[in-house]
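Numbering (the working numbering), first residue to last: 11 to 1006. Presented below is the structure to which this report refers.
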């Protein structure tokens, strides 16, 4: 076929014209279709198809076999339609050559005027090389460009899809560009998509990339342009010193123009070396549910206009968002985390359900209208530069360092505080505040919010010692495990299931002075109220009703006499009811008698009252010095009937309104029904007071008498003059009582072992012998102690054990007539252990010196009978070291005591079976006298007990000389008091003597 030259046709509104030669070919059914024509192209080497000027309703279809290669300037627009027409390409088209400028450029597919639809199908490929060569273009209004295939441009200033074409008709409107395929450009200043004119729309769900210098990927210019992206938009190139390489550029010409960018879920707008989205002049709205990333450190940059940035679920911004110089806002919708920096934005609005703000901001206003905004970053350049508002049903969560200093709250402000911090601002409104986290939060200002406070974790302090005027305008609820309190005031009801602390009772305020925490409302205490801090004098004032729900109040008290210092609960104008336990810690109190009201621990004032069982004392009593203090409602003084006191004396209930608290020991309750005032001593008083008496008894039985130790004087003279060794073992059961302040008594067993050895013997000319030697021994006393304790006589107070290690020397002279004189001096090392009924264990060491002088003169009665009058004087000095039992210092006066004994021994001597037998009976009267025992407690209270006692003793003994060298002996005895306090001692003793 012969080539045919056609007439010239316009190809650009800007005036680019040229000759379009083509060969007549069967590849396309027509090369110059007119109105209503449909052209189908297939095969290779297709000639251009250009609809006639002014035509409409033209359709050009290029099937998948269609290929063609075209070149500028002669074939600048190989396939073009005029108006209201369609081009569908499924073939492979290439355009080469160079255009000469913005208005003189080529395009493989062109819609010259209005209402055209150009589609590059899924199988279609459009490739251009050279400058100013575009893939698809439209130059009028309401055109639609669709790419479902592949468009590639490699020349400078060459675009993948563009409307208005060549920037020659920026006034065009209503054009739509849609890409579901792939568009890539590699030339400088090239664009994947360029949209000019008003009310245009770009839809991208495919891939758009540019890699040239100063090449933005999507370029929008005009009013009301819209970009909807769910695919990839990426600028991979670099920028020149005066250029930029951005993912999306919104270059609105007028300051009042608007641009909308919707980066949908899965959408990515990325610039490797530039800005993700740049707006240069007008207003822009960016809604992001995908990724916006800037390689230069800036993800979003706005110019002179205003920007509305909406972050939705899935939003991720990598890089700075800079709002520029307009009136700018950020809105949070759905859920997500904002972790980047935001600057030049004035307003942050939360309308979503759950967002974490981990980034930085420069906002002046933050509006939390719904959901929960977790503020882990910062909203403003400082917390003072931004004002926050929380709507009903919304939650703002922050900590003390990043919450704005001014918050208007009708919802919930939650402090998630995991460290120690102070909130320096104020919160107002009808909303509530919650303290969460494990840390300590300090409020030192006056907060006027009225929705109440919930302390769910950690510690919330209202006012330190320098800000006692700090207050909350409404009540509080304290959860289990949480702590609330301070030096300030709560104006509302408080429900406590955790810990409520006053002043320096809180660990973080421990360095402060004593003080008061004020509740102007009712307090329901099902938890722990901690008043005891560093020192004594803290108070909790409840200007309302106090209701204990098995709660505990811990307080410090100087356990001394009437009116001693104490922390206290003050109930003003209301009532105290329910049940609460007071736990009292003694701070330096040495114990002293309370003769009047006692020590006030709960004060009712301004007409307040208390129920009979409102309070009880942990353990029933608390001890200091010699006393046990119990809790009682009411005192002796007028007007004290509703207050509660610690007392250590019981007054008759018929004369006062003093009523022991619930769980007070029954002995104290019983004593209150009596007719006299009695002291309440702690059980350990009688226990310790009895120790000297038991020590004396132990040493008395260890030194005992000459006959108990050595058998009988006939074993030391006559034929028994040689030095001898002797040993004995003894045991007794003792029930011994003392009179005095606490009337102690001991009931138990005593036993001992003793060894002696003569070191020297001599015989006078008249036959008298002398024996001198040393002795060693061990003895132990173990038993129960009773006494006057907890206002009751004869109370069991504990157990006592005394170990006694002895050493000493003796001298004995026995005349030929049997008249003997015996002297012993014995030292003892003592070890005392006590265990009271209160579980108080204590121990002490000590020593004792015991001396004895004894004499007896046998008188022969005949028939082997002798009667031997005897006399003995024993001196003792017992010294026990002071001890501290965890309650008080305990010391003893360590005095001297004496015991005198007079008696007689009736003995019968006979021989049987080669053994000399000497059985005997004896009777004694014993008198103990000397310095009374005194036991001091913290050197403030001294307990005295009498040592004077008269007793009678009867006994029997047997001496058997079984050989010239060896003898056995045994004694038994029974001692009882002769008037005075009860004394019952039953003893047994066996011994052996061997002469060398």
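Note that beta-carbon positions come from the ideal geometry of N, C-alpha and C, so glycine has one too.
Residue 817 carries a strand assignment under DSSP once its states are collapsed to helix, strand and coil.
In this structure, residue 528 places its C-beta atom within 8 Å of the C-beta atom of residue 551.
Within the region 139 to 179, no run of alpha helix (DSSP H) reaches 4 residues while sitting entirely inside it.
In the three-state reduction of the DSSP assignment, residue 718 falls in the helix class, which pools H, G and I. Contact between residue 660 and residue 953 fails: their C-beta atoms lie close to 18 Å from each other, not under 8 Å. The beta carbon of residue 940 is closer than 6 Å to those of 906, 907, 908, 957 in its chain, skipping five residues each way along the sequence. With fewer than 16 other CB atoms across the displayed protein chains lying within 10 angstroms of its CB, residue 989 is exposed.
Runs of the beta strand (DSSP E) lying entirely within the region 735 to 774, each at least 3 residues long, are 755 to 773 in chain order. In this structure, residue 741 sits near residue 760, with a CB-CB distance shorter than 8 Å.
Around the beta carbon of residue 722, 16 or more other beta carbons lie within 10 angstroms, which makes this residue buried. Closest by C-alpha distance to residue 502, out of 769, 704, 556, 388, is 556. Only buried fits residue 832, as 16 or more other CB atoms lie within 10 angstroms of its CB. Take the alpha-carbon of residue 998 and the one of residue 639: they are about 44 Å apart.
For residue 670, the secondary structure class from DSSP, reduced to helix, strand or coil, is strand. In the structure shown, residue 988 adopts coil according to DSSP, grouped into three states.
By the Cβ-count criterion, residue 55 is exposed, with fewer than 16 other Cβ atoms from all chains shown falling within 10 Å of its own Cβ. Proximity to residue 385 across 404, 413, 374, 866 peaks at 413, based on C-alpha coordinates. Within its own chain, the residues whose Cβ lies closer than 8 Å to the Cβ of residue 300, once the five positions on either side in sequence are excluded, are 239, 240, 273, 274, 275, 276, 277, 278, 279, 324, 325, 326, listed in chain order. Here residue 606 carries a coil assignment [DSSP, helix/strand/coil]. Relative to residue 754, the option among 767, 782, 702, 725 whose CA is nearest is 702. As computed with DSSP, residue 982 is found in a beta bridge with 966, 998.
The residue among 73, 44, 829, 541 with its C-alpha nearest the C-alpha of residue 53 is 73. Inclusion of residue 662 and residue 682 in the CB contact set at 8 Å is warranted, their separation being smaller than that value.
Rounded to whole angstroms, residue 520 and residue 499 show a C-alpha spacing of 19 Å. A contact between stretches requires three or more CB pairs, one per stretch, nearer than 8 Å, and the region 528 to 545 meets this requirement with the region 558 to 573.
Between residue 227 and residue 236, the beta carbon gap of about 16 Å keeps them out of contact (Cβ cut-off 8 Å). In the DSSP assignment, residue 796 falls within the beta strand (DSSP E) that extends over 779 to 799. The beta carbons of residue 636 and residue 951 sit closer together than 8 Å. Sixteen is the threshold: since fewer than 16 other Cβ atoms of the shown chains lie within 10 Å of the Cβ of residue 873, the residue is exposed. No residue range can be given for residue 43, since it is assigned to no beta strand (DSSP E) and is classified by DSSP as neither H nor E. In this structure, the beta-carbon distance from residue 860 to residue 868 does not fall below 8 Å. For residue 343, no beta strand (DSSP E) encloses it, and the DSSP letter there is neither H nor E. In summary, residue 570 is buried, with 16 or more beta-carbon neighbours lying within 10 Å of its beta-carbon over all protein chains present. Per DSSP, residue 680 lies in no beta strand (DSSP E); the unbroken alpha helix (DSSP H) holding it starts and ends at 676 to 682. The C-beta separation of residue 836 from residue 813 comes to about 15 Å, leaving the pair out of contact by the 8 Å criterion. Distance from the CA atom of residue 704 to the CA atom of residue 800, rounded to whole angstroms, is 23 Å.
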